[in-house]
Amino acid sequence: MDRNLMMERAEILVGSVDDLPTIPIVATKVLQLLDDHDVCIDDIADLMLTDQVMTARVMKLLNSPVFKPTQDISSLKRALVYLGLRHIRELALTTSVIHAFEGTSGALELNSFWEHSFGVGMVSKIIAQKIGYQDLEKAYISGILHDLGEVFLSNFLHDPFMEVLMHVKTHPIKLVDAEAMLLGTTHCEIGLSMARKWNFPESYCDVIAYHHNPGQAKIDPVLCSIVNLADLFCTVRGLNYGGREWISFKVCEEDAWTILIEAYPGMAQMDEERFCYELDDAIPDVTALVASIFDHN
Amino acid sequence: MVISDHDFGQIRDFIYTICGMYFHTSKKYFLESRLARRMEATGITACHDYFLLLKSSRDSKELNLLMDEITTNETYFFRNPSQLSVFETMLLPEVLELKNKMGFRKLRIWSAASSSGEEAYTLAMILLEKRATVLKDWIIEIDGTDINETVIAQAKKGIYNAYSVRNIPDAYRHKYIREANGAFILSPEVKKLVTFNKLNLYEDAKMVFMKSFDFIFCANVLIYFDAASKSKVVQHFYNNLQPYGYFFVGQSESLHGVNDKFRTVHFPGCFGYIK
Numbered sequence: 129m130d131r132n133l134m135m136e137r138a139e140i141l142v143g144s145v146d147d148l149p150t151i152p153i154v155a156t157k158v159l160q161l162l163d164d165h166d167v168c169i170d171d172i173a174d175l176m177l178t179d180q181v182m183t184a185r186v187m188k189l190l191n192s193p194v195f196k197p198t199q200d201i202s203s204l205k206r207a208l209v210y211l212g213l214r215h216i217r218e219l220a221l222t223t224s225v226i227h228a229f230e231g232t233s234g235a236l237e238l239n240s241f242w243e244h245s246f247g248v249g250m251v252s253k254i255i256a257q258k259i260g261y262q263d264l265e266k267a268y269i270s271g272i273l274h275d276l277g278e279v280f281l282s283n284f285l286h287d288p289f290m291e292v293l294m295h296v297k298t299h300p301i302k303l304v305d306a307e308a309m310l311l312g313t314t315h316c317e318i319g320l321s322m323a324r325k326w327n328f329p330e331s332y333c334d335v336i337a338y339h340h341n342p343g344q345a346k347i348d349p350v351l352c353s354i355v356n357l358a359d360l361f362c363t364v365r366g367l368n369y370g371g372r373e374w375i376s377f378k379v380c381e382e383d384a385w386t387i388l389i390e391a392y393p394g395m396a397q398m399d400e401e402r403f404c405y406e407l408d409d410a411i412p413d414v415t416a417l418v419a420s421i422f423d424h425n
Numbered sequence: 300m301v302i303s304d305h306d307f308g309q310i311r312d313f314i315y316t317i318c319g320m321y322f323h324t325s326k327k328y329f330l331e332s333r334l335a336r337r338m339e340a341t342g343i344t345a346c347h348d349y350f351l352l353l354k355s356s357r358d359s360k361e362l363n364l365l366m367d368e369i370t371t372n373e374t375y376f377f378r379n380p381s382q383l384s385v386f387e388t389m390l391l392p393e394v395l396e397l398k399n400k401m402g403f404r405k406l407r408i409w410s411a412a413s414s415s416g417e418e419a420y421t422l423a424m425i426l427l428e429k430r431a432t433v434l435k436d437w438i439i440e441i442d443g444t445d446i447n448e449t450v451i452a453q454a455k456k457g458i459y460n461a462y463s464v465r466n467i468p469d470a471y472r473h474k475y476i477r478e479a480n481g482a483f484i485l486s487p488e489v490k491k492l493v494t495f496n497k498l499n500l501y502e503d504a505k506m507v508f509m510k511s512f513d514f515i516f517c518a519n520v521l522i523y524f525d526a527a528s529k530s531k532v533v534q535h536f537y538n539n540l541q542p543y544g545y546f547f548v549g550q551s552e553s554l555h556g557v558n559d560k561f562r563t564v565h566f567p568g569c570f571g572y573i574k
């Protein structure tokens, strides 16, 4: 289907929703403040502390298996020092997105959505590390945000999206192709449209739009390829919205693989099988992390 | 005995580079218990010291002893559920459809290093369930081979203990297993589908007779071979697999660095190899 038509349809759909969740104002401010080179940690901490929910989230994420701090981090300022300013930007973005969709109900179960998202985030980070991609945090966050459009479909196009999910369960077709066929657009275009509305940095928009076709990425094809492969690996390792599609793949035939090998020839030596076993080990961490994020006690 | 995560990681990685067998964190207890036996035997008390011994023993004597502890494993029916489920629901229909189109109505499966026969018979049960539908009028041949004559004899008998049959789903158990005096006896229709023969995977002259398989399963065996022999054995599997066939190794093994002709295909919960 024509990509422009799908984009047009996505814009209309996203535009037609009056109560599209918003990203908290503090998150936007933190993002702006971090772009200012003279900013000091105290300013950021003061600003973030005005949003209790965000602060709590950041602390939870920090003490989770993903970051594995050597000791419990109990104050926000300490957290900022531990993480560094750049990482705070990423965390602010993630926690805000989680917050934006919390308490909503849709066709997808939110927990399994975040399990997939954090799974892809963690695997993206591992792949980035293995190949020597310069910005691990960016890979991590891109992974977390890549399927943003699914939440929209799940919440605001509930019934048609249910049909898509049913169709995927009973036919050998990829979710993204079923969406294009039955909805006339996909979570990629919808996600891009939302990300633009929320003023996400360009490279994140790129991943959201092109994680299924990294070859068409405009800004960072390598980043899109990392997320694309992480998505595939997570899907075969059970982090796939509770088994939404019946999938098999050969890494060496994926466009993403070709892109990564071109950029990082050392990647050709990767031991795929061992990589999968390592993922098996990481999966309980992901599940624990998501459980801890949504644990309100 | 409890091993620290650091020591576990070191020994796990070492074993992986030596034999391609990977121990998940969830299998730490298993490695611990086997290491404990070897440490007791060698009189070493600190895990790190044992690791040094493993690495330094020039004739790999200690390594071989540890490998024996690790790999001597009783097998059981329905051992690798994700692999079996992919075989049954995804690959078998695909291969049958293809062979139907070509007019071949014979399915050939090889359980290499079949031990006492659990894997071969598991596959037989799965196929029997399809006798009335997709496998109607098909010839089914399952070949089980092993180098060890004692286990071949056991496999031919088809009588098992409670441990072997504990994972068999109820539907299969009722149909194909009969219990008598604490022993579990396999039904004749399952036994009829499988032939067991002695075969040394390393013996080239014999291996060339194992032809035209649609599926080959070879679990937890390659670990016994060194890199050169492993590559030779895997080459035989490669040669004897149909162009559209699938090759599977054990749950924790890998062909990485052994053979660059096979290509890895990832499936839900497991992976296999194709030509």
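Quick mapping for you: the protein sequence lines, in order, are chains A and B.
Residue 129 is where the first sequence starts when you use the numbering used here, and the numbers rise one by one after that.
Residue 300 is where the second sequence starts when you use the numbering used here, and the numbers rise one by one after that.
All C-beta atoms in this analysis are idealised placements derived from N, C-alpha and C, irrespective of residue type, glycine included.
Under the 8 Å criterion on CB atoms, Tyr369(A) is classed as non-interfacial with respect to chain B.
Only residues of its own chain outside the window of five on either side were considered, and among them none has a CB closer than 6 Å to the CB of Cys404(A). Neighbours of Val433(B) in chain A, taken as residues at a C-beta separation under 7 Å, are lacking, since the least C-beta distance is about 17 Å. About 12 Å separates the beta carbon of Leu422(B) from that of Leu434(B), a gap too long to meet the 8 Å contact definition. The Cβ atoms of Ser420(A) and Ser192(A) sit closer than 8 Å to each other.
For the segment 359-424 of chain A, not one full-length beta strand (DSSP E) segment reaches 3 residues or more. Of the residues assessed, Ile140(A) falls on the exposed side of the cut-off, its CB having fewer than 16 other CB atoms within 10 angstroms.
Secondary-structure assignment with DSSP links Ser410(B) through a beta bridge to Gly443(B) and Phe516(B).
Linking Asp559(B) to Ile484(B) through their CA atoms gives a straight-line distance of about 42 Å. The residues Thr313, Glu317, Ile318 and Ser321, in chain order, have a CB closer than 6 Å to that of Ala138(A) in the same chain once the five nearest residues on each side in sequence are set aside.
Residues of chain B with a Cβ closer than 8 Å to the Cβ of Val379(A) are, in chain order, Thr563 and His565.
Within its own chain, the residues whose Cβ lies closer than 8 Å to the Cβ of Met389(B), once the five positions on either side in sequence are excluded, are Phe566, listed in chain order. Bridge partners of Arg477(B) according to DSSP: Ile484(B). DSSP, read as helix, strand or coil, puts Cys569(B) in strand. Of the residues Glu488(B), Val489(B) and Ser551(B), the one whose Cα lies closest to the Cα of Cys517(B) is Ser551(B). Among the bridge pairs identified by DSSP, Leu540(B) is matched with Phe512(B). For Lys497(B), the enclosing beta strand (DSSP E) begins and ends at Val493 to Lys497. Taking Val350(A) as the centre and dropping the five residues before and after it, the same chain places the C-beta of Ala391 closer than 6 Å to its C-beta, in chain order. In the structure shown, Ile438(B) adopts extended strand secondary structure according to DSSP, grouped into three states. Rounded to the nearest angstrom, the gap between the Cα atoms of His323(B) and Val450(B) is 28 Å.
Closer than 8 Å to the CB of Thr324(B) there is at least one CB belonging to chain A. Below 8 Å, enough C-beta pairs join the segment 245-259 of chain A and the segment 267-274 of chain A to call them touching: three or more.
Using beta-carbon distances, Cys316(A) does not count as an interface residue toward chain B, since no partner is under 8 Å. For the options Met300(B), Phe313(B) and Lys354(B), the alpha carbon positioned closest to that of Glu339(B) is the one of Met300(B).
Within 8 Å of the CB of Tyr315(B), the CB atoms of chain A belong to Arg402, in sequence order along the chain. In this structure, the straight-line span from the alpha carbon of Gln453(B) to that of Val225(A) is close to 60 Å. Inter-segment contact for the segment 275-284 of chain A and the segment 382-391 of chain A is absent: fewer than three beta-carbon pairs are separated by less than 8 Å.
The beta carbon of Leu500(B) sits closer than 6 Å to the beta carbons of Val532 from its chain, once the five residues preceding and following it are set aside; these are given in chain order. Interface criterion met: the Cβ of Val364(A) is under 8 Å from a Cβ in chain B. Here Phe546(B) carries a strand assignment [DSSP, helix/strand/coil].
Identification of chain A residues near Phe570(B) by a Cβ-Cβ cut-off of 7 Å yields Glu401 and Cys404, ordered along the chain. In this structure Ile439(B) is in contact with Leu406(B), their Cβ atoms being roughly 5 Å apart against a cut-off of 8 Å. Short of 7 Å from the beta carbon of Tyr315(B), and not among the five residues preceding or following it, lie these beta carbons of its own chain, in chain order: Tyr321. Ranking Lys266(A), Leu148(A) and Asp399(A) by CA distance to the CA of Ile216(A) puts Lys266(A) first.
For Ile458(B), DSSP records a beta bridge to Ile484(B). Rounded to the nearest whole angstrom, the C-alpha separation of Asp130(A) and Asp174(A) is 47 Å.
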